[in-house]
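Novice: Quick one: structure below, then a few questions.
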Amino acid sequence: MAYLGVGNNDVVELRNTRYRYVATEGQTVFTGADGNGSALINMDSANHVFLNGAKLSPDGDFTTNGTNIVLATAAYLNDILEIIEITKVTVADAGGAVKRSGDTLTGNLSGPTFRPSRVTQATNADAVKRSETPYLGSNSIIRTNANNITENITIDSSTNGMSAGPIEIDSGYTVTVNGEWSIV
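The working numbering puts the first residue of the sequence shown at 438, with every later residue one more than the last.
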């Protein structure tokens with residue numbers, strides 16, 4: 438991209454924050470902490486608002502004053518209101534020439550002081566693999582999981598889960614998915 442004058446070396450990233458509220462019967466105002474303990478701050482109509490998966494329009498479906506959302510039509514009991522807040526984060530250029538993986542930084546670089554809780558670095562197998570983890574290979578290249586579920590499992594709304602299939606759920610047990618679960 439061409440610039441007039443000094444080029445802009447800052448990188449802009451977009452970050453998403455997800456809020457999830459479960460409605461009471463007739464609720465129109467959503468404010469305070471959601472089910473995950475996150476509270477709306479600086480909410481504006483440019484953010485994405487969904488009711489039971491349907492995107493709402495700021496041109497009539499809801500209004501906001503920055504810390505709450507007011508629905509034009511009352512929600513029903515256990516309706517799910519989700520807000521995806523999009524924030525822009527600018528990452529400043531820290532070294533001029535270092536832009537990509539593999540580039541070389543020269544000169545002085547300062548950072549925070551780290552105080553390790555362990556005085557010696559793990560070596561050999563301890564550094565790569567622990568015997569109680571579900572990995573195979575000397576460098577833990579393969580992640581493993583069982584092929585049947587023998588306990589009740591709940592995936593929280595703020596959690597993503599993934600399994601390699603096929604997966605069977607034994608009789609008498611359930612998997613409750615409030616978040617996301619992918620089986621590949």
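Quick reminder that beta carbons are idealized off the backbone N, C-alpha and C, glycines included.
Can you tell me whether residue 514 is buried or exposed? The criterion is at least 16 other CB atoms within 10 Å of its CB, across all chains shown.
Specialist: For this step, residue 514 is matched to residue 77 along the sequence shown. In the assembly as shown, residue 514 is an exposed residue. Its beta-carbon has fewer than 16 other beta-carbons within 10 Å.
Novice: Could you check how far apart the C-beta atoms of residue 468 and residue 477 are, in whole angstroms? I think they sit under 8 Å.
Specialist: The sequence position of residue 468 within the sequence shown is 31, counting from 1. The sequence position of residue 477 within the sequence shown is 40, counting from 1. Confirmed, Cβ separation roughly 7 Å.
Novice: I'd like the ranges of any beta strand (DSSP E) spanning at least 3 consecutive residues and lying wholly in the region 487-524.
Specialist: 499-501 and 505-508
Novice: Does any C-beta atom of chain C lie closer than 7 Å to the C-beta of residue 470?
Specialist: Looking at the structure shown, chain C is missing, and only one protein chain is on hand.
Novice: Going by the beta-carbon positions, is the gap between residue 619 and residue 473 smaller than 7 Å?
Specialist: As a working note, residue 619 is residue 182 in the sequence shown. As a working note, residue 473 is residue 36 in the sequence shown. The answer is no: Cβ separation not under 7 Å.
Novice: Could you check if residue 450 is buried or exposed, using at least 16 other CB atoms within 10 Å of its CB as the buried criterion?
Specialist: Locating residue 450 in the sequence shown gives position 13, where the first residue counts as 1. Around the C-beta of residue 450, fewer than 16 other C-beta atoms lie within 10 Å, and the residue is accordingly described as exposed.
Novice: The beta strand (DSSP E) with residue 600 in it runs from where to where?
Specialist: Taking the sequence shown and counting its residues from 1, the one referred to as residue 600 is at position 163. Residues 597-600.
Novice: In the structure shown, what three-state DSSP assignment does residue 460 receive?
Specialist: As a first step, residue 460 must be located in the sequence shown, where it is residue number 23. DSSP places residue 460 in coil when its eight states are reduced to three.
Novice: Classify residue 621 as helix, strand or coil using the three-state DSSP reduction.
Specialist: For the purposes of this step, residue 621 is taken as residue 184 along the sequence shown, with counting starting at 1. Of the three classes helix, strand and coil, the one that applies to residue 621 here is coil, per DSSP.
Novice: Take residue 508 and list the residues in its own chain whose beta-carbon comes closer than 6 Å to its own, dropping the five residues that flank it on each side.
Specialist: Along the sequence shown, read from residue 1 onward, the residue named residue 508 stands at position 71. 465 and 499.
Novice: Residues in its own chain within less than 6 Å of residue 506 by CB, not counting five upstream and five downstream?
Specialist: Stepping through the sequence shown from its first residue, residue 506 is reached at position 69. So the qualifying residues of the chain are 467 and 499.
Novice: What whole-angstrom Cβ distance do residue 455 and residue 517 have, given they're in contact under 8 Å?
Specialist: Position 18 of the sequence shown, counted from the first residue, corresponds to residue 455. Position 80 of the sequence shown, counted from the first residue, corresponds to residue 517. At roughly 12 Å, the Cβ-Cβ gap does not stay under 8 Å, so residue 455 and residue 517 are not in contact.
Novice: Under the rule that 16 or more other beta-carbon atoms within 10 Å means buried, what is residue 599, buried or exposed?
Specialist: In the sequence shown, the residue the question calls residue 599 occupies position 162. It is exposed - the Cβ of residue 599 has fewer than 16 other Cβ atoms within 10 Å.
Novice: Tell me whether residue 567 sits in a helix, a strand or coil according to DSSP, three-state version.
Specialist: For the purposes of this step, residue 567 is taken as residue 130 along the sequence shown, with counting starting at 1. Any reading at residue 567 needs caution, since the residue's pLDDT is 49, under 50, leaving its predicted position unreliable; the model's value is listed next. It is coil, neither helix nor strand.
Novice: For residue 453 and residue 591, I'd like the C-alpha separation in whole angstroms.
Specialist: Taking the first residue of the sequence shown as position 1, residue 453 is located at position 16. Taking the first residue of the sequence shown as position 1, residue 591 is located at position 154. Their backbone Cα atoms lie some 24 Å apart in a straight line.
Novice: Thinking residue 495 and residue 482 are a contact (beta carbons under 8 Å), I'd like their distance in whole angstroms, please.
Specialist: If you number the sequence shown from 1, residue 495 lands on position 58. If you number the sequence shown from 1, residue 482 lands on position 45. Between residue 482 and residue 495 the Cβ distance is about 4 Å, and since that is below 8 Å, they are a contact.
Novice: In whole angstroms, give me the CA-to-CA distance for residue 525 and residue 459.
Specialist: Reading the sequence shown from its first residue, position 88 is the one you call residue 525. Reading the sequence shown from its first residue, position 22 is the one you call residue 459. Each residue's Cα considered, the two are about 27 Å apart.
Novice: Quick check on this structure: which residue in 587, 521 and 479 has the alpha carbon closest to the alpha carbon of residue 610?
Specialist: Here residue 610 refers to the residue found at position 173 of the sequence shown. Minimum Cα distance to residue 610 is reached at 587.
Novice: Where do the ends of the beta strand (DSSP E) carrying residue 604 lie?
Specialist: Position 167 of the sequence shown, counted from the start, is the residue given in the question as residue 604. Element bounds for residue 604: n/a, residue is neither H nor E.
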